[in-house]
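Residue numbers (the numbering used here): 4 to 317. Accompanying notes for the structure given below.
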Ligand SMILES: Cc1ncc(COP(=O)(O)O)c(C=O)c1O
């Protein structure tokens, strides 16, 4: 029952593990990462995570140091060593350690990995989201370790009492700081398309499969701020959250223009305070469709724990 760490080919003491000072992940954020949930001692949707890892690496020109089989073996071994049935595995691949110059070094990619136990998800109250301008770069489909905008958005949300940010680019709802955002209009599920402006979540992918199984119509289209008054339910998804219902979406009045278009002038802070709360959306009916998807997700996880096919009878 412990945290397990792996760095550059070896399992290491997580408390004593050291990364070289000229490691490019540390100096440039020059790397990508993945997080997979472990249920019943096995990684859930690992093939999908490995495919996304490969795509992220290929896109930024880092050689994938392992084959899918090698990744599967390494992750399995790390979970086995942890002895944890309920855990999460975080791993990253960076461009390696080399003298600090921007251009690519000849260094080999560096792999680090951590397994940590996860407590069973508490039945959480419905979340609140803070609407914030999505001012990230235009390639957020790469699961880069460069998470400064996401970190700032999440902290800004936390300070405002919200569980998560809802990022809005040019009036269109993209995603959360570390989750995908879903909106239910009538009987139809809407979520932003998996283009360059969102991180195509693996939980998003799986939720789309569940929706198909349940016969729920889906539109992979961004909902705009102006359409929020037609929205009946909101929820967010991620590997660690699974499916989380949302009760309210709010923002600060001063941020409203930036949600529609980023102003040219540099802001004085990237940690804006909510001084005048404006409700963008709030739930008016029980989240029925969200609850159906949550139940289907839990059924799939139970099937996975029991080594049964996860889809088919969701
Ligand atoms: C920006 C962002 N969007 C979406 C997600 C959800 O992705 P996944 O379902 O693969 O965990 C994450 C997860 O960390 C994220 O960081």
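All residues carry an ideal CB built from backbone N, CA and C; glycine is no exception.
Have a look at the DSSP bridge pairing and note the partners of residue 183.
-> Bridge pairing for residue 183: 240 [DSSP].
Indicate the three-state DSSP secondary structure (helix, strand or coil) for residue 11 in the structure shown.
-> coil
Rounded C-alpha distance that separates residue 197 from residue 144 = 8 Å
By Cβ distance below 8 Å, which residues in the same chain neighbour residue 266 in space, the five residues on each side in sequence not counted?
-> 260
Is residue 179 near ligand 1, going by C-beta to nearest heavy atom under 7 Å?
-> Yes, Cβ of residue 179 sits closer than 7 Å to a heavy atom of ligand 1.
Hey, how far is the Cα of residue 39 from the Cα of residue 47?
-> 7 Å
Whole alpha helix (DSSP H) runs in the region 168-215 with 4 or more residues, listed along the chain?
-> none
Between the CA atoms of residue 240 and residue 280 - distance to the nearest angstrom = 25 Å
Run the proximity test for residue 142: is its beta-carbon closer than 7 Å to any non-hydrogen atom belonging to ligand 1?
-> no
When DSSP labels each residue in this structure, what does residue 90 get in the three-state scheme?
-> strand
Kindly list the residues whose CB is nearer than 6 Å to the CB of residue 201, restricted to its own chain and excluding five residues on each side of it in sequence; keep chain order.
-> 177, 178, 195
Would you mind giving the Cβ-Cβ distance between residue 73 and residue 41, rounded to the nearest angstrom? I have them listed as a contact below 8 Å.
-> About 18 Å separates the two Cβ atoms, so there is no contact after all.
Taking the alpha carbon of residue 285 as the point to measure from, which residue in 234, 55, 191 has its own alpha carbon closest?
-> 234
Assign residue 247 to one of two classes, buried (16 or more other C-beta atoms within 10 Å of its C-beta) or exposed (fewer than that).
-> buried
Please look up how many angstroms separate the CB atoms of residue 275 and residue 159, rounded, as I've assumed it's under 8 Å.
-> Their Cβ separation, rounded to whole angstroms, is 6 Å, which keeps residue 275 and residue 159 in contact under 8 Å.
For the region 83-167, which segments carrying the beta strand (DSSP E) assignment without a break, of at least 3 residues, lie completely within its bounds, in sequence order?
-> As far as the region 83-167 is concerned, its whole beta strand (DSSP E) runs of at least 3 residues are 90-97, 113-120, 130-136.
Tell me, which residues are paired with residue 222 by DSSP?
-> 193
What does DSSP give as the partner residues of residue 30 in its beta bridges?
-> None, per the DSSP bridge assignment.
Can you tell which of 88, 43, 300 has the C-alpha that lies nearest to the C-alpha of residue 208?
-> 300
Cβ-Cβ distance between residue 262 and residue 231 below 8 Å | no
Give the straight-line distance between the Cα atoms of residue 77 and residue 296, rounded to the nearest whole angstrom.
-> 32 Å
Rounded straight-line distance, which links the Cα of residue 190 to that of residue 117 | 40 Å
Residue nearest to residue 16 in terms of C-alpha spacing, selected from 221, 85, 236, 308 | 85
Ranges of the alpha helix (DSSP H) found wholly within the region 225-301, counting only runs of at least 4 | 259-263
Going by C-alpha distance, which of 157, 94, 167, 60 is nearest residue 273?
-> 157
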